[in-house]
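K.L.:
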Amino acid sequence: MNHSGSLYVVATPIGNLQDITLRALEVLKHVDVIAAEDTRHTSGLLAHFAIQKKLLPVHEHNERKAAEQLLQRLQAGESVALVSDAGTPGISDPGAVVVAAVRAAGIKVVPVPGPAAVIAAMSVAGIAASGFYFHGFLPASGGQRRSTLQALASLESTLVFYEAPHRVVDSVTDMAAILGHDRKLTIARELTKTFETIHQLTLGEAVAWLEADSNQQRGEFVLLVEAAPPVEEQAVSAEAERVLRLLLEALPLKQAVKLAADITDAKKNALYELALTLKNTD
Ligand code: SAM
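Adding 135 to a residue's 1-based position in the sequence shown gives its number in our numbering.
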């Protein structure tokens, strides 16, 4: 096999070491050097599989510089594997900067797919949605987290988040308040590990459930939130109704309907029907 001059982006286990793929092992054995998010962590993985290989650090803070060094090696004909601490590089992990630089230099980048927590969680959630939106980590600051959730609130796709144990209660509290208490939440914790837990409940129930047992707040989390319910074509959103009500107080019906449609993008016919109902019930 000739690996010369290619960058292999290699997925590694997210817990259970048996999840490494045969191809990942073969690539890790044969490349000239392995670029790793944390060389100590990857040494442990390599030792487990009796692989001895030169390791170079590529973490969030040195990724640009590391990319230059890796480029030189690749251009000199060496083959390089890129791994992160767990799962697939570039998925809420370093990797994208190196990959972009290597691709820009016209060097071959080869995916060696395998575990990713987002896919493992989706696979056991039993959500038949046609699509999902993977967000990764929400911002750590409460204000930014809430505005991010606000921006996602009407997305008609399953929402997938990564979360750290010390923030899971705060995040779920904000999700319930902003996305709605009735939406279903799947908590996928410690996947492929000893304390693997996959639990489904509503967002409204979730904080009490997490707080009832501190063990449920430990480890690594993927949170999957049911999609927003589809907006009926003719339905008027709560915001559009609020605008219409305000305008009806000051303007004749037709004018209020036209302005409300311009402001909110709601359908004029639907607003007109609603305006008539509102006038008749006044
Ligand atoms: N690159 C990884 C992947 O492909 O999934 C993700 C790395 S990111 C730095 C780490 C986060 O992924 C954790 O905080 C958690 O949200 C999620 N994660 C990783 N392993 C997990 C596991 N075994 N069970 C649940 N979530 C996990």
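Glycine included, C-beta positions come from ideal geometry on N, C-alpha and C.
(1) Can you tell me which of Arg281, Thr293, Lys243 puts its alpha carbon nearest to the alpha carbon of Ala263?
(2) My parser needs the beta strand (DSSP E) runs of 3 or more residues fully inside the region 199-275; what are they?
(3) If you draw a straight line from the C-alpha of Ala231 to the C-alpha of Ala170, how long is it?
(4) Who pairs with Ala171 in a beta bridge, going by DSSP?
(5) Would you kindly report the start and end of the unbroken beta strand (DSSP E) that includes Arg324?
(6) Tell me where the alpha helix (DSSP H) around Ile398 begins and ends.
(7) Taking only three categories from DSSP, how would you classify Gln187?
(8) List the whole-angstrom C-beta distance separating Val168 from Lys200, where the pair is believed to meet the contact cut-off of C-beta under 8 Å.
(9) So Ile333 is in the beta strand (DSSP E); what residue range does that whole segment cover?
(10) List the residues that DSSP assigns as beta-bridge partners of Tyr297.
(11) Would you report the Cα separation of Val106 and Ala146, rounded to the nearest angstrom?
(12) Determine the direct distance from the alpha carbon of Asn404 to that of Ile398, and round the result to whole angstroms.
(13) May I ask you to check if the CB of Phe356 is nearer than 6 Å to at least one heavy atom of ligand 1?
(14) For ligand 1, I want to know if Ser219 counts as a neighbour, meaning its beta carbon is within less than 6 Å of at least one of the ligand's heavy atoms.
(15) What first and last residue would you give for the alpha helix (DSSP H) that runs through Val304?
(16) Going by the CB atoms, is the gap between Leu406 and Val392 shorter than 7 Å?
(17) Thinking just about the alpha-carbon of each residue, which of Thr321, Gln207, Ala395 is nearest to the one in Glu420?
(18) Could you check whether Pro274 and Arg111 sit closer than 7 Å to each other, using their CB atoms as the reference points?
(19) What's the gap between the Cα of Val360 and the Cα of Val295?
(20) Is Leu142 helix, strand or coil when you go by DSSP?
(21) Compute the beta-carbon to beta-carbon distance between Ile242 and Gly140, rounded to the nearest angstrom, for a pair I have assumed lies under 8 Å.
(22) Using the Cα positions of His138 and Thr174, report the straight-line distance between them to the nearest angstrom.
(23) For Asp348, count neighbouring Cβ atoms within 10 angstroms of its own Cβ and tell me buried if that reaches 16, exposed if not.
(24) Using a threshold of 7 Å, state whether the C-beta atoms of Leu206 and Val215 are closer than that.
(25) Just to confirm, does Ala251 get its C-beta within under 6 Å of one of the non-hydrogen atoms of ligand 1?
(26) Less than 7 Å separating the beta-carbons of Thr156 and Gly249?
(27) According to DSSP, which residues form a beta bridge with Thr412?
(28) Given Ala272, which residues of its chain have a CB within under 8 Å of its CB, disregarding the five upstream and five downstream residues?
P.N.:
Taking the structure as given:
(1) Thr293
(2) 215-218, 244-247, 267-272
(3) 13 Å
(4) Pro192, Val218
(5) 319-324
(6) 388-399
(7) coil
(8) The pair is not a contact, with the Cβ atoms about 16 Å apart (cut-off 8 Å).
(9) 332-337
(10) Phe272, Val357
(11) Any question about residue 106 goes unanswered here, given that the chain covers just 136 to 417.
(12) 15 Å
(13) Checking every heavy atom of ligand 1 against the Cβ of Phe356, one is found closer than 6 Å.
(14) yes
(15) 303-314
(16) yes
(17) Any question about residue 420 goes unanswered here, given that the chain covers just 136 to 417.
(18) In the structure displayed, the chain extends from 136 to 417; residue 111 sits before or after that span and is not available.
(19) 7 Å
(20) strand
(21) With 8 Å as the limit, Ile242 and Gly140 qualify as a contact, their Cβ atoms being about 6 Å apart.
(22) Note that His138 scores a pLDDT of 48, beneath 50, so its modelled location is shaky; the value from the coordinates is reported in the next line. Computed Cα separation, rounded: 22 Å.
(23) exposed
(24) Their beta carbons are not under 7 Å apart, which means Leu206 does not touch Val215 by this criterion.
(25) yes
(26) Result yes, Cβ atoms of Thr156 and Gly249 sit closer than 7 Å.
(27) Answer by DSSP bridge pairing: none, since Thr412 is not bridged.
(28) Correcting the residue identity first, residue 272 is Phe in this sequence and not Ala. Ser227, Phe296, Tyr297, Glu298, Ala299, listed in sequence order.
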